[in-house]
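Chemist: Questions regarding the structure given below will be posed in turn.
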Amino acid sequence: MSQIHVTTTVNGDEVEFLCDPRETLLDVLRDRLDLTGAKEGCGTGDCGACSVTVDGRLVCSCLMLGAEAEGKEIATVEGMATDEKLHPLQEKFIEYAALQCGICTPGILVATQNLLEKNPDPTETEVRYWLAGNLCRCTGYDKIIRAVMDTAADLRGAS
Amino acid sequence: MQYHTPGSFEDAVAIAASASGVTRFLAGGTDVLVQLRTDLVTPDDLIDIKHIDGVHDISREDGGWRIGAAVSGAEMSEHAELGADWPGVVEAMDLIGSTQVQGRATLAGNLCNGSPAADSVPAMIAAGAWVTVIGPDGERWIAVEDVPVGPGKTSLTKGEVEKSVHLPARGAGGGDAYLRFIPRTEMDIAVVGCGLSLTREGDVITAARVSLGAVAPTALLVADAAAALIGSALDDAALDALAAAAEAACNPITDKRGTIRFRTHVAGVLAKRAAKIAYDRAGGAK
């Protein structure tokens, strides 16, 4: 089976890789680019642990082929912090203990960052619907929602 | 598996025509990739249509709309004019999956996946939508209700692919709605779905189309249910006749999502509720 050569941008850096046509973007990120933030939970687009953005659009990286990434702009959780400085959402998730086992956390951070870019002042209902495809089996979601609402308020105050 | 990125539908069709094994067309991939990853369907040739001109466009056409085969649900929901004309169709598409799935899933894909429970399909049928299909013998139009022929099966022949979905001009006094029943508020598959579109002159309904999903092997266009509405001002008698016609059309199965009896009852309830929403929208309600 011939490998496909792909050139794409991940977190602002141009990267090239060879992949099997059957490999998902998630496989490529984790196994070829050593970006293991995105997780495989279900592999069928139900759990959101593999969430990334592609050209600014939130997607499940398990439901996209690596080959489809050609020429795209991919953003993963690894791109959220600036050097040692965490993104405000990451800071707030720690402050609120909005995670326990942490498997869902990278996907939820990417998803909520994408939400706040589109809608800086979401209602709690909007946040909950936006995150309906991000399953967390530890927290019961309450701390996650509080952390997101508080971050949104902080970011609005800062701007 | 060979991955192809043709630059035209003619090239896509030629690849499919010359393929000897299993072929799949790839747009949003939210069904194709699940089938691929679970070893349900492993295509020998996977033909990605997203590099073809026009497939990402939502455009005006004869007063209605043309929606390219690779337009995502999120792009439809963000299109204010489309949502003003056909809110029921846009809402039906938006009910499918999560935010992440909306970033990729397409209207054309939801139709050609052939699920009896596909949310967008009853809404499209109610709207009178059709698809342009291209294949080895050229292009043809198919009404949406004529595309599914059974669970997972469509009337598209080997090598045919959907180019675009078309919605007619909404016209004055028109309104549509789609409702589904699921046991939770998000992230589930319809137990029953109902799409309904109607036109009003004053208080009187002059035209209607009613479609039910998940209550038969394919989504149904229920002419008797539409007839129950036409000529009425959506009074209680018309609503009861609508519900009775919707229930009579049901031919569901009992499974973990719902029993035959429950599905049949809910079909009538949803038809009534959808009719009220569509009627109010046709009267100018936002």
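Listed in order, the protein sequences are those of chains A and B.
Mapping of the first sequence onto our numbering: position 108 corresponds to residue 254, and the numbering continues sequentially without gaps.
Mapping of the second sequence onto our numbering: position 221 corresponds to residue 227, and the numbering continues sequentially without gaps.
Cβ coordinates follow ideal geometry from the N, Cα and C atoms, glycine included.
Model, not experiment: these values are computed from the prediction.
Is it true that the stretch 272 to 292 of chain A meets the stretch 207 to 223 of chain A, where meeting means three or more beta-carbon pairs spaced less than 8 angstroms apart?
Modeler: Too few Cβ pairs lie closer than 8 angstroms, so no.
Chemist: Take R283 of chain A as the anchor and find which of A:T222, A:E224, A:T199 and A:G187 has the nearest alpha-carbon.
Modeler: With distances taken between Cα atoms, R283 of chain A lies closest to A:G187.
Chemist: Mind pulling the chain A residues with CB within less than 9 angstroms of S83 of chain B?
Modeler: Those do not exist, as S83 of chain B stays about 12 angstroms from chain A at its closest Cβ, beyond 9 angstroms.
Chemist: Can you pull the chain B residues whose beta carbon is under 9 angstroms from the beta carbon of T182 of chain A, in chain order?
Modeler: Residues of chain B passing the Cβ test: none, with the nearest at roughly 19 angstroms.
Chemist: State yes or no: is the beta carbon of T222 of chain A nearer than 7 angstroms to at least one beta carbon in chain B?
Modeler: No, T222 of chain A does not count as interfacial toward chain B.
Chemist: Please name the residue in A:K185, A:D201, A:R176 and A:E270 whose C-alpha comes closest to that of C247 of chain A.
Modeler: Of A:K185, A:D201, A:R176 and A:E270, the residue nearest in Cα terms is A:K185.
Chemist: For H151 of chain A, report the span of its beta strand (DSSP E) as first-last.
Modeler: First-last of the beta strand (DSSP E) with H151 of chain A: I150 to V156.
Chemist: Which of helix, strand or coil does DSSP assign to Y184 of chain B?
Modeler: Strand, per DSSP.
Chemist: Compare the C-beta of L39 of chain B with all C-beta atoms of chain A and state if any pair is closer than 7 angstroms.
Modeler: True, the Cβ-Cβ gap to chain A drops below 7 angstroms.
Chemist: Any beta carbon from chain A within less than 7 angstroms of R263 of chain B's own beta carbon?
Modeler: Closer than 7 angstroms: no.
Chemist: What does Y275 of chain A touch in chain B if you count any residue whose Cβ is under 7 angstroms from its own?
Modeler: Under the 7 angstroms cutoff, chain B gives E192.
Chemist: Using a Cβ-Cβ cut-off of 7 angstroms, state whether S126 of chain B counts as contacting chain A.
Modeler: Output row for S126 of chain B: interface = no.
Chemist: Run down chain A in chain order and give the residues with a C-beta less than 8 angstroms from the C-beta of V107 of chain B.
Modeler: By Cβ distance, chain A contributes G191, C206, L209 and G279.
Chemist: What did DSSP end up calling D230 of chain B once you bin it into helix, strand or coil?
Modeler: Of the three classes helix, strand and coil, the one that applies to D230 of chain B here is helix, per DSSP.
Chemist: From A227 of chain A to P122 of chain B, what does the alpha carbon distance come to, in whole angstroms?
Modeler: About 44 angstroms.
Chemist: Using a C-beta cutoff of 7 angstroms, does R43 of chain B count as contacting chain A?
Modeler: It does; some Cβ of chain A falls within 7 angstroms.
Chemist: Taking T182 of chain A as part of the alpha helix (DSSP H), name the residues at either end of that continuous run.
Modeler: No alpha helix (DSSP H) contains T182 of chain A, which DSSP labels as neither H nor E.
Chemist: Leaving out the 5 sequence neighbours to the left and right, which residues in its chain are closer than 7 angstroms to N157 of chain A when beta-carbon positions are compared?
Modeler: Around N157 of chain A: A221, T222, E224 and G225.
Chemist: If you reduce the DSSP assignment to three classes, tell me which class G225 of chain A lands in.
Modeler: Correct three-state label for G225 of chain A: helix.
Chemist: Kindly list the residues whose CB is nearer than 7 angstroms to the CB of K289 of chain A, restricted to its own chain and excluding five residues on each side of it in sequence; keep chain order.
Modeler: The answer, listed in chain order, is Y242, A243 and A244.
Chemist: Which runs of the alpha helix (DSSP H) at least 4 residues long sit entirely within the stretch 58 to 117 of chain B? Give them in chain order.
Modeler: Within the stretch 58 to 117 of chain B, the complete alpha helix (DSSP H) runs of at least 4 residues are 79 to 83, 86 to 91, 93 to 100 and 105 to 108.
Chemist: How about A251 of chain B: is its Cβ closer than 6 angstroms to a heavy atom in the ligand MN?
Modeler: Of the ligands one can find in the structure shown there are none, so the ligand MN has no counterpart to examine.
Chemist: Going along chain A in order, which residues have a C-beta closer than 9 angstroms to the C-beta of R110 of chain B?
Modeler: Chain A residues near R110 of chain B: G191, V200, R203, V205, C206, L209 and M210.
Chemist: Quick check on the DSSP output: the beta strand (DSSP E) that includes A213 of chain B runs from which residue to which?
Modeler: First-last of the beta strand (DSSP E) with A213 of chain B: V210 to G219.
Chemist: Note down, in chain order, each residue of its chain lying with its Cβ closer than 7 angstroms to the Cβ of H62 of chain B, except the 5 sequence neighbours on either side.
Modeler: Excluding positions up to five away in sequence, the list reads G74, A76 and V77.
Chemist: Using a Cβ cut-off of 7 angstroms, which residues of the stretch 208 to 233 of chain B contact any Cβ in chain A, in chain order?
Modeler: The residues in question: there are none.
Chemist: Below 8 angstroms, how does it come out for the stretch 292 to 302 of chain A and the stretch 120 to 140 of chain B: are there three or more Cβ pairs, yes or no?
Modeler: The stretch 292 to 302 of chain A is not in contact with the stretch 120 to 140 of chain B.
Chemist: Taking the continuous alpha helix (DSSP H) assigned at P234 of chain A, which residues delimit it?
Modeler: Element bounds for P234 of chain A: P234 to E241.
Chemist: Expressed to the nearest angstrom, what Euclidean distance is found between the alpha-carbon atoms of A86 of chain B and A291 of chain B?
Modeler: Near 15 angstroms, if we compare the C-alpha coordinates of A291 of chain B and A86 of chain B.
Chemist: Which residue from B:A220, B:S26 and B:G79 puts its Cα closest to that of K262 of chain B?
Modeler: It is B:A220.
Chemist: Measure the C-alpha to C-alpha separation of L255 of chain A and L235 of chain A and round it to an integer number of angstroms.
Modeler: Answer to the nearest angstrom: the Cα atoms are 7 angstroms apart.
Chemist: Check whether the Cβ of G194 of chain A lies closer than 7 angstroms to any Cβ atom in chain B.
Modeler: So yes, G194 of chain A belongs to the interface.
Chemist: Less than 7 angstroms between the C-beta atoms of G144 of chain B and A23 of chain B, yes or no?
Modeler: Going by C-beta atoms, G144 of chain B is not nearer than 7 angstroms to A23 of chain B.
Chemist: Which word fits W136 of chain B, buried or exposed, when buried means at least 16 other C-beta atoms lie within 10 angstroms of its C-beta?
Modeler: It is buried - the Cβ of W136 of chain B has at least 16 other Cβ atoms within 10 Å.
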